[in-house]
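J.:
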Amino acid sequence: MQTYDLEANGLSGLNSTLQSQNTETNQTSWEVVNPKGSHAIAVGLDAPIEVTVKGSTGYYCAGMNQQATIRVEGSVGPGVAENMMSGEVIVDGDASQYAGATGHGGLLVIKGNASSRCGISMKGIDIVVHGNIGHMSAFMAQAGNLVVCGDAGDALGDSLYEARLFVRGTVQSLGADCVEKEMRPEHLEVLKDLLDRAGCDAKPEEFRRYGSARQLYNFDVDNTAAY
Amino acid sequence: MDDQIPRTVPIQSATFTNPINAEIRRAAATGIYDIRGGGAKRKVPHFDDLLFLGASVSRYPLEGYRERCDTSVTLGTRFAKNPIHLDIPITIAGMSFGALSGPAKEALGRGASMAGTSTTTGDGGMTPEERGHSSKLVYQYLPSRYGMNPNDLRKADAIEVVVGQGAKPGGGGMLLGQKISDRVAEMRTLPKGIDQRSACRHPDWTGPDDLEIKILELREITNWQVPIYVKVGATRPYYDTALAVKAGADVVVMDGMQGGTAATQDVFIEHVGIPTLACIRPAVQALQDLGVHREVQLVISGGIRTGADVAKAMALGADAVSIGTAAMIAIGDNDPKWEAEYQKLGSTTGAYDDWHEGQDPAGITTQDPKLAARLDPVDAGRRLRNYLKVMTLEAQTIARACGHNHLHNLEPEDLCALTMEAAAMAKVPLAGTDWYPGKGGGY
Ligand SMILES: Cc1cc2nc3c(=O)[nH]c(=O)nc-3n(C[C@H](O)[C@H](O)[C@H](O)COP(=O)(O)O)c2cc1C
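Protein chains in written order, with my numbering: chain P, 1140 to 1366; chain E, 55 to 497.
Spelled out as structure tokens, the structure:
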């Protein structure tokens, strides 16, 4: 286990050290102490290493992650795991706005709640939130799965493309072109796998599935109220 | 009897013109606004309204072909470990793969590289062809984040955070179904053939304080190696420039309302934003007020066509300019040789702007492989290089005539204005006077 004191040694030293680890590194386990809400902690990593952040972070923690497993023992500010490509990010506490924004791959797990715009423009990432999510979540979401074990706020999935949304609790309201869809066996399977990987004991059958009605995919003058 | 009474001649309305009436009928028939490519077509005060004074008794000129007039520029000297050195101060603006064909992007890369300048990706990500053929490539970081990938980010020579574009400040992107080919769809993670609307705001930040943190993240991911530009559509140039500087930009790119777009609502193109001429002095003023003029470079775009435009933009304080439309024309867009085909599409040479429909006879703004094959990227690249060289020679000719041994030494004092509007916007005297509107006042 390597320990990095962020307060004593600075952000750029941390990121360049973690970024320089490659697939053959034997320093596979890292601990970051004294994060004190700093922004851009453990961004741009690209190696199968494990990083534990001992406390809460500011914006963009684990941004653009590839391969690494990053755990935050605290809460995270806006844009955690934004544009993640692969790997895993686990947040023990809550997440602020835009969690997992534009993510292309990998798994983001939030043990607490996530604020508004969770999964905005997601492009293939899987996100599992143990608690609730805020308004405008999965706005323009293109691909991937968003699983919410609690409730969802207003305008869920507005202008949704092909991402799949699963919510166990209530949905305050659905956004334009987002509809409830039939839960088929293949969806239950995807959901079960994600819940297992996210360490969540909720049952897939308790969830409802939402997706795109695909009515806004090509312009139609009769839809102008929705634009 | 009747034919002795003088009749009123038919008078066309200056308000309800034929083009306006045609648009009303088109809107009534279809129920959708007009979407098109290109920039503002209306006449606005522009560089044509400025003149250079040239040398006289009080200033002596430099000898053409004998005395050097340098043209190089370095972008990104503020924070980046590896600023970009360009031989000429004319760069190729961001135009997306998707809007443009693969061969067109390749041609831009080839031409720019031969001329010693940079080219820029666009909404839709970086293609290997483009990276391969561009010796200096700027990677756009856009609200849609289509194809956004940290590996590509690290391959870039600079990063351009796009806040807005001159053609549509405050607007998002648009790529209609016809152009979402398999490859474009895959790069953008979208179903084929759908109308793709891209967001107008970044998904994970709003406002200058967030932007500062976003720039920090991008720098951390790229190890502070490459310059970070911030591109804005010209609206409030003084404040936008000041806020971009505050957020940590190395370079500010300011795009005026004549700036081209691949596809936007006509109402947006013609009615939002301010002319390129009007945005330069306030942007420069902001840089000067913050003590960073020349340390944070200013790149100006929107309607740059000639070496004279380049020289005028630089005389007003820009460090470099960027071209989109002109580069497309140089590689063959709107070429008269396709007139018969433009006619078939209901247009004509010089007016063809239905770039969003993907039927471009010149094979540039299309994803149709047959049309795209009409453009030979090697030949088109050569034409772009020639054009860039000519613009540079023209700008040097003017600079020497004004007695300057570097394009950067051009200054507002070299200029005068032909109209009151241009004098007010550029803050240079009306020709033959020492006065411009607002002289002595602030912004
Ligand atoms: C076909 C086309 C596609 C464009 N695509 C983008 C884009 O993806 N991102 C962007 O920031 N600007 C885009 N622009 C705007 C240019 O980057 C640039 O601001 C503009 O073309 C400059 O004005 P000019 O065309 O008068 O030279 C595009 C312009 C054109 C003509």
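We put the beta carbon where it would ideally sit given N, CA and C, even for glycine.
(1) Is residue 177 of chain E near ligand 1 - that is, is its Cβ less than 7 Å away from at least one heavy atom of it?
(2) Quick one: measure Cβ to Cβ for residue 308 of chain E and residue 462 of chain E, integer angstroms, because I've assumed they're closer than 8 Å.
(3) Compute the Euclidean distance between the alpha carbons of residue 236 of chain E and residue 401 of chain E, then round it to the nearest angstrom.
(4) Relative to the C-alpha of residue 1204 of chain P, which residue among P:1263, P:1282, P:1221 and P:1174 is closest?
(5) Just to make sure I have the definition right: I need the residues of chain E whose C-beta is within less than 9 Å of the C-beta of residue 1259 of chain P. Which are they?
(6) Just to make sure I have the definition right: I need the residues of chain P whose C-beta is within less than 8 Å of the C-beta of residue 379 of chain E. Which are they?
(7) Using beta carbons (cut-off 8 Å, strictly below), is residue 1362 of chain P in contact with chain E?
(8) Could you have a look at residue 1151 of chain P and say whether DSSP puts it in helix, strand or coil?
(9) Please check if any C-beta of chain E sits within less than 8 Å of the C-beta of residue 1241 of chain P.
(10) Run the CB neighbour count on residue 59 of chain E, radius 10 Å, all protein chains shown included, and call it buried at 16 or more, exposed below.
(11) Could you list the residues in the region 1159 to 1184 of chain P with a C-beta less than 7 Å from some C-beta on chain E, going in chain order?
(12) Using a cut-off of 9 Å between C-beta atoms, extract the partners of residue 1224 of chain P located in chain E.
(13) With burial defined as no fewer than 16 other Cβ atoms inside 10 Å of the residue's Cβ, what is the status of residue 111 of chain E: buried or exposed?
(14) Quick one: any contact between the region 92 to 107 of chain E and the region 420 to 430 of chain E, if contact means 3 or more CB pairs under 8 Å?
(15) Would you say the beta carbon of residue 289 of chain E is closer than 7 Å to some non-hydrogen atom of ligand 1?
(16) Contact defined as beta carbons within less than 8 Å: I believe residue 377 of chain E pairs with residue 146 of chain E. What is the distance between those atoms, to the nearest angstrom?
(17) How would you list, in chain order, the residues of chain E whose beta-carbon sits under 7 Å from the beta-carbon of residue 1282 of chain P?
(18) I want to verify the contact list: residues of chain P whose CB lies under 7 Å from the CB of residue 248 of chain E, in sequence order.
(19) Please determine, among P:1321, P:1246 and P:1294, the residue with the shortest C-alpha to C-alpha distance to residue 1285 of chain P.
(20) Against chain P, does residue 224 of chain E count as a neighbour if the rule is that its beta carbon must be under 8 Å from one of theirs?
(21) I'd like to know whether the C-beta of residue 1146 of chain P is nearer than 8 Å to at least one C-beta of chain E.
(22) Entirely within the region 1225 to 1303 of chain P and at least 4 residues each: give me those alpha helix (DSSP H) ranges in chain order.
(23) What's the C-alpha gap between residue 1253 of chain P and residue 1280 of chain P?
(24) Please tell me whether residue 403 of chain E and residue 393 of chain E are closer than 8 Å, where the distance is taken between their beta carbons.
(25) Got a sec: does ligand 1 put a non-hydrogen atom nearer than 7 Å to the Cβ of residue 382 of chain E?
(26) Does ligand 1 have a heavy atom nearer than 7 Å to the CB of residue 1285 of chain P?
(27) For residue 271 of chain E, return the contacting residues in chain P, with the cut-off set at a CB-CB distance below 9 Å.
(28) How many angstroms separate the CA atom of residue 295 of chain E from the CA atom of residue 1164 of chain P?
(29) Helix, strand or coil, according to DSSP, for residue 1354 of chain P in the structure here?
(30) Please confirm whether residue 1155 of chain P has its beta-carbon closer than 8 Å to some beta-carbon of chain E.
(31) Counting only beta-carbon separations shorter than 8 Å, does residue 1123 of chain P have a partner in chain E?
(32) Please say whether residue 220 of chain E and residue 312 of chain E have beta carbons closer to each other than 8 Å?
(33) Which whole-angstrom value is the C-beta distance of residue 92 of chain E and residue 407 of chain E, which I expect to be below 8 Å?
(34) Would you call the region 1252 to 1267 of chain P and the region 204 to 222 of chain E in contact, with 3 or more CB pairs under 8 Å?
T.: On the basis of the data shown:
(1) Residue mapping note: residue 177 of chain E aligns to position 123 of the second sequence, counting from 1. At least one heavy atom of ligand 1 is nearer than 7 Å to the Cβ of residue 177 of chain E, so yes.
(2) Within the second sequence, numbered from 1, the residue matching residue 308 of chain E stands at position 254. Within the second sequence, numbered from 1, the residue matching residue 462 of chain E stands at position 408. Incorrect: roughly 17 Å between the Cβ atoms, too far for contact.
(3) In the second sequence, residue 236 of chain E corresponds to position 182, counting from 1. In the second sequence, residue 401 of chain E corresponds to position 347, counting from 1. Residue 236 of chain E and residue 401 of chain E: Cα-Cα distance of roughly 28 Å.
(4) Residue mapping note: residue 1204 of chain P aligns to position 65 of the first sequence, counting from 1. Out of P:1263, P:1282, P:1221 and P:1174, P:1221 has the C-alpha closest to the C-alpha of residue 1204 of chain P.
(5) The sequence position of residue 1259 of chain P within the first sequence is 120, counting from 1. In chain order: 253, 257 and 258.
(6) What you label residue 379 of chain E is simply residue 325 of the second sequence in a count that begins at 1. Chain P residues near residue 379 of chain E: none, gap ~26 Å exceeds 8 Å.
(7) As a first step, residue 1362 of chain P is located in the first sequence; it is residue number 223 there, counting from the start. Residue 1362 of chain P does not count as touching chain E.
(8) Taking the first sequence and counting its residues from 1, the one referred to as residue 1151 of chain P is at position 12. Reduced to three states, the DSSP call for residue 1151 of chain P is helix.
(9) Stepping through the first sequence from its first residue, residue 1241 of chain P is reached at position 102. Residue 1241 of chain P counts as touching chain E.
(10) Start at 1 with the first residue of the second sequence, and residue 59 of chain E comes out as number 5. So residue 59 of chain E counts as exposed.
(11) 1178, 1179, 1182 and 1183
(12) What you label residue 1224 of chain P is simply residue 85 of the first sequence in a count that begins at 1. Here the neighbours are 203, 204 and 205.
(13) Residue numbering aside, residue 111 of chain E sits at position 57 when the second sequence is read from its first letter. It counts as exposed.
(14) no
(15) One-based indexing of the second sequence puts residue 289 of chain E at position 235. Incorrect: residue 289 of chain E has no Cβ contact closer than 7 Å to ligand 1.
(16) Taking the first residue of the second sequence as position 1, residue 377 of chain E is located at position 323. Taking the first residue of the second sequence as position 1, residue 146 of chain E is located at position 92. The pair is a contact, with the Cβ atoms about 6 Å apart (cut-off 8 Å).
(17) Taking the first residue of the first sequence as position 1, residue 1282 of chain P is located at position 143. Correct list: 243.
(18) Residue 248 of chain E sits at position 194 when you count from the first residue of the second sequence. Near residue 248 of chain E (Cβ distances below 7 Å), the residues of chain P are 1356 and 1357.
(19) Residue numbering aside, residue 1285 of chain P sits at position 146 when the first sequence is read from its first letter. The shortest Cα separation from residue 1285 of chain P among P:1321, P:1246 and P:1294 belongs to P:1246.
(20) For the purposes of this step, residue 224 of chain E is taken as residue 170 along the second sequence, with counting starting at 1. It does not; no Cβ of chain P falls within 8 Å.
(21) Counting from 1 along the first sequence, the entry for residue 1146 of chain P is found at position 7. No, no contact with chain E.
(22) none
(23) To locate residue 1253 of chain P, count along the first sequence from 1; it is residue 114. To locate residue 1280 of chain P, count along the first sequence from 1; it is residue 141. Approximately 16 Å between the Cα atoms of the pair.
(24) Reading the second sequence from its first residue, position 349 is the one you call residue 403 of chain E. Reading the second sequence from its first residue, position 339 is the one you call residue 393 of chain E. Yes.
(25) In the second sequence, residue 382 of chain E corresponds to position 328, counting from 1. For ligand 1, at least one heavy atom lies less than 7 Å from the Cβ of residue 382 of chain E.
(26) What you label residue 1285 of chain P is simply residue 146 of the first sequence in a count that begins at 1. No, since every heavy atom of ligand 1 falls outside the 7 Å radius drawn around the Cβ of residue 1285 of chain P.
(27) The residue you call residue 271 of chain E lines up with position 217 of the second sequence. Here the neighbours are 1178, 1179, 1182, 1183, 1198, 1199, 1202, 1203, 1218 and 1221.
(28) Looking up residue 295 of chain E in the second sequence gives position 241. Looking up residue 1164 of chain P in the first sequence gives position 25. Distance between the alpha carbons of residue 295 of chain E and residue 1164 of chain P: 44 Å.
(29) In the first sequence, counting from the first residue as 1, residue 1354 of chain P sits at position 215. If DSSP states are grouped into helix, strand and coil, residue 1354 of chain P belongs with coil.
(30) Residue numbering aside, residue 1155 of chain P sits at position 16 when the first sequence is read from its first letter. Yes, because at least one Cβ of chain E sits closer than 8 Å to the Cβ of residue 1155 of chain P.
(31) With chain P covering 1140 to 1366 only, the question about residue 1123 of chain P has no answer from this structure.
(32) Position 258 of the second sequence, counted from the start, is the residue given in the question as residue 312 of chain E. Position 166 of the second sequence, counted from the start, is the residue given in the question as residue 220 of chain E. Yes, the pair counts as a contact, with Cβ atoms nearer than the cut-off.
(33) Translated into the one-based positions of the second sequence, residue 92 of chain E becomes position 38. Translated into the one-based positions of the second sequence, residue 407 of chain E becomes position 353. Their Cβ separation, rounded to whole angstroms, is 4 Å, which keeps residue 92 of chain E and residue 407 of chain E in contact under 8 Å.
(34) no
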